[in-house]
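Enquirer: Input: one structure, supplied below.
Number of protein chains: 2
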Amino acid sequence: MRIALDAMGGDFGAAPNVEAAVQAAREFGYEIALVGQQELLRPLLNQFNTAGLQLPIVHASEVIEMHEHPSQAVKARKHSSMVIGVQMVRNGDADAFVTMGNTGGALAASLLYLGRLKGIHRACLATAFPTIKGPVLLCDLGANTDCRPEWLAQFALMGSIYAERVMHIRNPRVALLSNGEEETKGNQAVQEAHQLLKRAPINFVGNVQGYDLPAGAADVFVADGFVGNVLLKFAEGMKSFLEDALRTAFTSSIPAKLGALLAKDAIKQTLRQKLDYEEVGGAVLLGVDGVVIVGHGRSKARAIKSAIRRAAEAVERGVLDAIEQGLQAMPRSALELDHTTRG
Amino acid sequence: MRIALDAMGGDFGAAPNVEAAVQAAREFGYEIALVGQQELLRPLLNQFNTAGLQLPIVHASEVIEMHEHPSQAVKARKHSSMVIGVQMVRNGDADAFVTMGNTGGALAASLLYLGRLKGIHRACLATAFPTIKGPVLLCDLGANTDCRPEWLAQFALMGSIYAERVMHIRNPRVALLSNGEEETKGNQAVQEAHQLLKRAPINFVGNVQGYDLPAGAADVFVADGFVGNVLLKFAEGMKSFLEDALRTAFTSSIPAKLGALLAKDAIKQTLRQKLDYEEVGGAVLLGVDGVVIVGHGRSKARAIKSAIRRAAEAVERGVLDAIEQGLQAMPRSALELDHTTRG
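Taken in order, these protein sequences are the chains called A and B. Take our numbering: the final residue in the first sequence is number 343, and no numbers are missing along the way. Take our numbering: the final residue in the second sequence is number 1343, and no numbers are missing along the way.
Written out as structure tokens, the structure is:
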């Protein structure tokens, strides 16, 4: 297993990437190619005992910054760690690419150099999303704002395959996020995607509502990238809001202050474990012809290592082949709308 | 001030409605017309001391249930408390209508019997939404799933007026919910609404992202009814998830259990006050030619009384006239897209 890691990606620069690469090489036995500025990476790598580990440095002179315009940056910086890392996957020099860098950049580079899997209309971004019942898969997180129903149906198929193979959920329940449970509810695209998915050979459980997501009422939640993006960021904001509310509660009286002292550690740990919208293994690009995982910019070594593990699992479990085969197994009526028989 | 109250609406039947009406009549001096089955309402009302209060019962033999199909039910049940209450506003027999019943039914009845204000394309549902900085206004909550940019721009105008007049926010900051802050971000409708709102005589602060909503980064958040509905229900679900996470934390160790005993009351009270997505004064129908407030089905007397107060304020502060005048003050370039000068 050879993983190309964008060693320059993320808000904290190269250090946590190098640390995670060393840990992943040691723990899982993977070869991790550190893609980035060698004059920066070499001294960082030398701080670790890397005897027996496969940690080559692949030089990339440029960096795509977090704030840059994704597709422009990808086109302008051909020597960036992002572009070179993706190209390694295309050329067969790596089995997968992992980055904590600019999400749009990863998407743009992947579409430009890897392209889409055969028959896939659009790639989508999916992530494990914390719920009361544990992580579920949410897609699309923002790759496509206005979606055609056929795209949503393909996101559902790809999400189902990923959830089964990489998240180890048997026969995952796939749902469309909507404003009501009835199949007549939803915006136009969701209503039509519902009709397609009824005929798809996946475990489609129909429309679900907003509260069904944190309740974990399905395993894969499908939305367009506009809705998915707003929801994901809203959840992050809600977490901060809640922490603020708890701080208020814990300073509101003497008994509450005392209670806070006693329960503080348990609460911190629980919130970190249960409501971790940022670090649960990163987002995966589904539908491109290569395994690409994009972690959160604020990831530290632990989260980066977990993203590397996810990428390797996606390779080992043959997610790309499964998507192509899954697409071939879809009846035509689940792939395109037949306006004469709809409803 | 004469308010028509749907005394049959809500999950708990007539009792909390009657109780709230008595309280509101006593506290605010309003006349509250209790619309519903008189044989049911009379004995309930007789339990209270109503001397000197104006609490007429307006008989309505039918009830629209929560699960019914809104527009079908409204058309089929002309003697329902919902239809008769709305008709009282149309006929000038009441200044406003308040119901805890079927939201879609209230919308359908209002559109059918009150119609839209002059120049308004679509009515929207708006509600006060809890944030770290206190309640803000969120619209649309589900009246319109697929929205044209012109509709979104009008929601923004109506929301701004309501926030200023009824929520007492001076020069409210109005934002479009989007997947990025740049004006090029968003789905097609949001991008085009952005161009309209730049020219509107309101305090438009541009696009905001999901986390800006719980952070209270604006005073009025505008989204289409699909997004608004999913978000509102998601927030409700997140609250349950958080409560569950806290329960886990508080039982995870002996010190945590002890801390829970001490801090329990403060936390319960804070969560109820700060994260109350259900009861903050109900949702208001903006854009119909009458003041109509729809509260949550689970409302108890306190929430119903608060919805009555909101309705009266909307009447007293002349929200309907202000919307019509606001619409007239909008330059044409903020009301319709001119595709030759866009961008």
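Glycine included, each C-beta is placed from N, C-alpha and C at the ideal position.
(1) Just the chain B side, please: which residues come within less than 9 Å of A/GLY101 by C-beta, in chain order?
(2) Is there a Cβ from chain B that is less than 8 Å from the Cβ of A/ILE132?
(3) Write down the C-beta distance between B/CYS1124 and B/GLY1287 rounded to the nearest angstrom, noting that I regard them as a contact closer than 8 Å.
(4) Excluding sequence positions up to five away, which residues of its chain have a Cβ less than 7 Å from the Cβ of B/ALA1322?
(5) Would DSSP call B/ARG1298 helix, strand or coil?
(6) Who are the near neighbours of A/GLY29 in its chain, counting only those whose CB is closer than 8 Å to its CB and skipping five residues on each side?
(7) Buried or exposed for B/PRO1201, please, with buried defined as at least 16 other CB atoms from any protein chain shown within 10 angstroms of its CB.
(8) Let me make sure I understand the geometry here. Which of B/ALA1094, B/GLY1101, B/ALA1073 has the alpha-carbon closest to that of B/ARG1298?
(9) For A/VAL315, which option in A/PHE97, A/PRO16, A/GLN72, A/GLY10 has the closest C-alpha, if you only look at C-alpha atoms?
(10) Would you please state the rounded distance, in angstroms, between the beta carbons of B/LEU1176 and B/ASN1207? I believe it to be under 8 Å.
(11) Taking C-beta pairs closer than 9 Å, name the residues in chain B that A/ALA215 reaches, listed in chain order.
(12) Indicate whether at least one CB of chain A lies closer than 8 Å to the CB of B/LYS1274.
(13) Helix, strand or coil for B/GLY1206 per DSSP?
(14) Do you know offhand how far B/ALA1189's Cα is from B/GLY1010's?
(15) Residue range of the alpha helix (DSSP H) that B/GLY1237 falls in?
(16) With B/ARG1272 as the anchor, note down where its alpha helix (DSSP H) starts and where it stops.
(17) Can the beta-carbon of A/VAL58 be found closer than 8 Å to that of A/MET8?
(18) How would you label A/ARG342, buried or exposed, when you count the other beta carbons within 10 angstroms and need 16 or more for buried?
(19) Is A/GLY159 near the ligand ATP - that is, is its Cβ less than 7 Å away from at least one heavy atom of it?
(20) Using the rule of at least 16 other Cβ atoms within 10 Å of the residue's Cβ for burial, across every protein chain shown, is B/ASP1338 buried or exposed?
(21) Would you say A/SER253 reaches chain B, if we count a Cβ-Cβ gap shorter than 8 Å as a contact?
(22) Alpha carbon to alpha carbon, how far is B/VAL1230 from A/VAL205?
(23) Comparing alpha-carbon positions, which option in B/ASP1219, B/LEU1232, B/GLY1142 lies nearest B/LEU1275?
(24) Kindly say whether B/PHE1097, judged by its beta-carbon, lies nearer than 8 Å to any beta-carbon of chain E.
(25) If we cut at 8 Å on Cβ distances, does B/THR1127 have a partner in chain A?
(26) Quick check on the burial criterion: 16 or more other C-beta atoms within 10 angstroms. Buried or exposed for B/GLN1328?
(27) Using beta carbons (cut-off 8 Å, strictly below), is A/LYS75 in contact with chain B?
(28) Per DSSP, B/HIS1079 forms a beta bridge with which residues?
(29) Against chain B, which members of the stretch 131–160 of chain A pass a CB distance test of less than 8 Å?
(30) Please state whether DSSP places A/THR103 in a helix, a strand or coil.
(31) Look at the Cβ atom of B/VAL1074, then the Cβ atom of B/VAL1083, and state whether they are nearer than 8 Å.
(32) Give the single residue among B/ALA1020, B/PHE1226, B/TYR1113 whose Cα lies nearest to the Cα of B/ILE1003.
(33) Could you work out which residues of chain A lie near B/ALA1256, taking near to mean beta carbons separated by less than 7 Å?
(34) If the cut is a Cβ gap below 8 Å, which residues of chain B does A/PHE226 touch?
(35) If you run the structure through DSSP and keep just helix, strand and coil, what is A/VAL284?
(36) Within 8 Å (strictly less), CB to CB, does B/ASP1219 reach chain A?
Expert: In brief:
(1) In chain order: nothing, as chain B lies at least about 17 Å away.
(2) yes
(3) 6 Å
(4) ILE1161, ARG1165
(5) coil
(6) MET1
(7) exposed
(8) B/GLY1101
(9) A/PHE97
(10) 5 Å
(11) GLY1237, SER1240, PHE1241
(12) yes
(13) strand
(14) 34 Å
(15) 1225–1250
(16) 1254–1274
(17) no
(18) Note that A/ARG342 has pLDDT 47, beneath the 50 cutoff, so the model's placement of it is unreliable and no number is given.
(19) No copy of the ligand ATP appears in this structure; indeed no ligand is present at all.
(20) exposed
(21) yes
(22) 17 Å
(23) B/LEU1232
(24) The structure shown contains no chain E; the protein chains it does contain are A and B.
(25) no
(26) exposed
(27) no
(28) Answer is none; B/HIS1079 lacks a bridge partner.
(29) THR131, ILE132, GLY142, THR145, ASP146
(30) helix
(31) yes
(32) B/ALA1020
(33) LEU262, ALA263, ALA266
(34) SER1178, ASN1179, GLY1186, ASN1187, VAL1190, VAL1227
(35) strand
(36) no
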